[in-house]
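In what follows, a single structure is set out as structure tokens and then discussed.
Residue numbers (my numbering): 29 to 367.
Set out below in structure tokens:
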């Protein structure tokens, strides 16, 4: 990519970038010379700064928003006036995760990272807190995605194994661990999500780990994330841009990738990733990615949490042909307003 190519991109789609303020706003305008014909909408805006999406939706400030888990049951009630505006979303090709800075203590020790993985009961979290709207992750690639390995075991819930690994680490026990700070996006003083609270409780109960949480505004969070300033970070997910395992494993874990926020480095992983980039035989290529995913999961630069099991969004009644796709790039070419 050329310098500033992300902010001044060359593309071939029905919209072109008009304005981008990281952590605040992304605005697209119609590209009238699109080779398949121009879109109907003049422009599309994405609000990136957070805020109360439901409040903005009810105040007619936005045309579509996700539905928070705490509001979902009420909105799905047929007697709720918003029920008719609910659109069922398919499972997204993505993964939610916590990341470790593998170049800083205590997470430069692989046994500490593995211990944190084993100490987490993903299935209980998915069912009790997230109403099975997610599927616990055993690896990085989501189910149904090209190259997905259904035989990858990953880290099951095994608190005894977690304690053993911590004892085998250079620290020996939780009391010898340095202070751990988990940084997540959010407003200062805002309540921590129940799922994060539950995970912190599991790490404390199973490992004795005392973890403090720091919330930072989204724009600052992104800036610090890309400068690898965090010891441990969460509240993140990755959704595929295109249906190829390279978009997860290479983009996120090659040692020279700008999206490798864990500062993860494994020369064998780099070598295999570079081999997979040029491999023409799809069967051989996917075998390489299976091997790669196993290596990455074993090294544990992340705590993979879960994959989407589908969801719901609200879309205004005057918005037509609004479709939700499993990939991150939306399809707004045919969207139009009825009034």
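Note that beta-carbon positions come from the ideal geometry of N, C-alpha and C, so glycine has one too.
Taking one beta carbon from each stretch, the segment 321-335 and the segment 139-158 have 3 or more pairs nearer than 8 Å; the two touch.
When secondary structure is reduced to three states using DSSP, residue 293 falls in the coil class, being assigned neither helix nor strand. Around the beta carbon of residue 123, a 10 Å sphere encloses 16 or more other beta carbons of the protein chains shown; the residue is thus reported as buried. Taking the Cα positions, residue 244 is about 28 Å away from residue 146.
The count of Cβ pairs closer than 8 Å, one atom from the segment 254-261 and one from the segment 207-227, reaches three, so the stretches are in contact.
Beyond the five residues adjoining it in sequence on each side, residue 349 comes within less than 8 Å, by CB distance, of 362, 363 and 364 in the same chain, given in chain order. Nearest to residue 149 by C-alpha distance, out of 334, 115 and 340, is 334. In the DSSP annotation of this structure, the continuous segment of the alpha helix (DSSP H) that includes residue 249 starts and ends at 246-254. With at least 16 other beta carbons inside 10 angstroms of its own, residue 168 counts as buried. In the three-state reduction of the DSSP assignment, residue 338 falls in the coil class. Residue burial annotation: residue 202 is buried, with at least 16 other C-beta atoms found within 10 angstroms of its C-beta.
Judged by their CB atoms, residue 297 and residue 281 are nearer to each other than the 8 Å cut-off. Looking from the CA of residue 240, the closest CA among 299, 234 and 220 belongs to 220. If you look at residue 324, you'll find it in the alpha helix (DSSP H) that goes 310-327.
The secondary-structure analysis by DSSP pairs residue 260 across a beta bridge with 128 and 210. Beta bridge pairing from DSSP links residue 58 with 43.
By the 16-neighbour rule on beta-carbons within 10 angstroms, residue 321 is buried.
Across the set 113, 54 and 68, the C-alpha of 68 shows the shortest separation from the C-alpha of residue 60. Secondary structure remark: continuous beta strand (DSSP E) runs of at least 3 residues inside the segment 87-119, in chain order: 92-94 and 114-117. Between residue 345 and residue 89 the beta-carbon gap is near 16 Å, outside 8 Å, which marks them as no contact. Secondary structure note for residue 144: it is in no beta strand (DSSP E), and the uninterrupted alpha helix (DSSP H) holding it is 138-146. Between residue 118 and residue 338, the C-beta gap is smaller than 8 Å, which places the two residues in contact.
Under DSSP, residue 74 shares a beta bridge with 54.
Here residue 283 is exposed: its Cβ has fewer than 16 other Cβ atoms, across all protein chains shown, within 10 Å. Under the DSSP assignment, residue 162 falls in the beta strand (DSSP E) whose first and last residues are 162-164. In this structure, the beta-carbon distance from residue 165 to residue 332 falls below 8 Å.
Counting along the chain, residue 276 sits inside the alpha helix (DSSP H) bounded by residues 274-281. Per the coordinates, the alpha-carbon of residue 182 lies some 10 Å from the alpha-carbon of residue 324. In this structure, the CA atom of residue 187 is about 33 Å from the CA atom of residue 101. In chain order, 291 place their CB closer than 7 Å to the CB of residue 131, counting only its own chain and leaving out the 5 sequence neighbours on each side.
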